[in-house]
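Student:
Numbering (the working numbering), first residue to last: 188 to 393.
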C-alpha cells in the first residue's frame with residue numbers, strides 16, 4: 188500500500204490537483220491547514236480529493252476553522268481526537284496547533300493535546316496524523332525556534348509513523364524507533380509517498 192502524505196494546502200487547489208494527477212497512491216493522509224482561513228474552501232478541496240482518492244483522512248490545522256470538522260464531505264474524513272482502524276493501520280488524529288502570537292482559528296494548549304493523546308487506542312501499527320510536530324522533531328522555524336509539542340513528544344514512542352506539518356520550512360524525514368515525516372506544504376508543491384510494504388518514504392515536489 189502506498190500512502191500520499193500531504194500537509195498545508197492553504198487553499199492552493201491548483202497544486203493539490205497537480206499532485207493528485209501525478210502520483211500513484213492508495214490512500215491520502217492530510218496533516219492540516221487544508222484552507223487559508225476560508226471555511227468554504229474545505230468544500231472545494233473535498234470535491235478535488237473525491238475525484239482522485241478512494242480514501243482520505245485528515246486533521247484540521249490552525250488556519251482551519253473547527254467548523255469544517257462538522258461538514259458533510261464526500262471524500263475527506265476528519266479524525267481529530269479519534270483513533271480509527273483502516274486495514275492494518277490505526278490512525279490517530281490531532282488537529283490545530285499550539286497557541287501562536289497570531290490568534291489563528293484553531294489553537295490548543297499542551298494540556299488539550301495531552302487529554303487527546305490519553306484517549307488514543309493503540310494497536311500493532313499506529314500512525315499519528317498531527318498538524319503540530321513533536322518538540323524537537325521537524326519543528327524548527329527559520330528563526331531557529333523549536334515550536335513543537337512536548338505532549339506529542341512524550342507519546343511519540345507509541346507510533347510507528349508520525350505525519351506532521353505546520354512548520355513549512357522544516358520538511359523532511361527523521362528515523363528513530365519511529366519514522367517522522369513533514370512532507371512540506373502543498374502550497375509549495377510538496378508531498379511525500381510512503382510505501383508501507385518497503386517502509387520507505389520519498390519526498391517529492393511538482
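Ideal placement from N, C-alpha and C gives every residue a C-beta, glycine not left out.
Consult DSSP for residue 274 and reduce its assignment to one of helix, strand or coil.
Tutor: Correct three-state label for residue 274: coil.
Student: Can you tell me whether residue 317 is helix, strand or coil according to DSSP?
Tutor: Strand, per DSSP.
Student: Let's see if you can read the secondary structure: which residues bound the alpha helix (DSSP H) around residue 340?
Tutor: Residue 340 -> alpha helix (DSSP H) spans 337-342.
Student: Does DSSP put residue 239 in a helix, in a strand, or in coil?
Tutor: Here residue 239 sits in helix by DSSP.
Student: Along the chain, where does the alpha helix (DSSP H) containing residue 269 start, and where does it finish?
Tutor: Neither: residue 269 is in no alpha helix (DSSP H) and is coded neither H nor E.
Student: Can you find the residues in the same chain that come closer than 6 Å, C-beta to C-beta, to residue 242, ignoring five residues on each side of it along the sequence?
Tutor: Counting only Cβ-Cβ distances below 6 Å, and skipping sequence neighbours, we find 214.
Student: Using three-state DSSP, classify residue 393 as helix, strand or coil.
Tutor: Residue 393 falls in the coil class under three-state DSSP.
Student: Would you check if the distance between the CB atom of residue 348 and the CB atom of residue 381 is smaller than 9 Å?
Tutor: Taking 9 Å as the Cβ cut-off, residue 348 and residue 381 qualify as a contacting pair.
Student: Assuming residue 279 and residue 265 form a contact by the criterion Cβ under 8 Å, report the distance between their Cβ atoms to the nearest whole angstrom.
Tutor: Rounded, the Cβ-Cβ distance is 13 Å, inconsistent with contact.
Student: Who pairs with residue 378 in a beta bridge, going by DSSP?
Tutor: Answer by DSSP bridge pairing, in chain order: 391.
Student: Closest to residue 310 by CA distance: which of 276, 233, 249 and 357 is it?
Tutor: Considering only alpha carbons, the answer is 276.
Student: For the alpha helix (DSSP H) containing residue 334, list its first residue and its last residue.
Tutor: Run containing residue 334: none; DSSP gives neither H nor E here.
Student: Mind checking residue 330: buried by the 16 CB within 10 Å criterion, or exposed?
Tutor: Result: exposed.
Student: My assumption, with CB atoms under 8 Å, is that residue 336 sits in contact with residue 285. Please give the rounded CB distance.
Tutor: Contact flag correct, Cβ pair sits at about 6 Å.
Student: Do the CB positions of residue 188 and residue 274 come within less than 9 Å of each other?
Tutor: Against a cut-off of 9 Å, the Cβ pair of residue 274 and residue 188 comes out as a contact.
Student: Run through DSSP, which three-state label would residue 294 get?
Tutor: The answer is strand: DSSP assigns residue 294 an E or B state.
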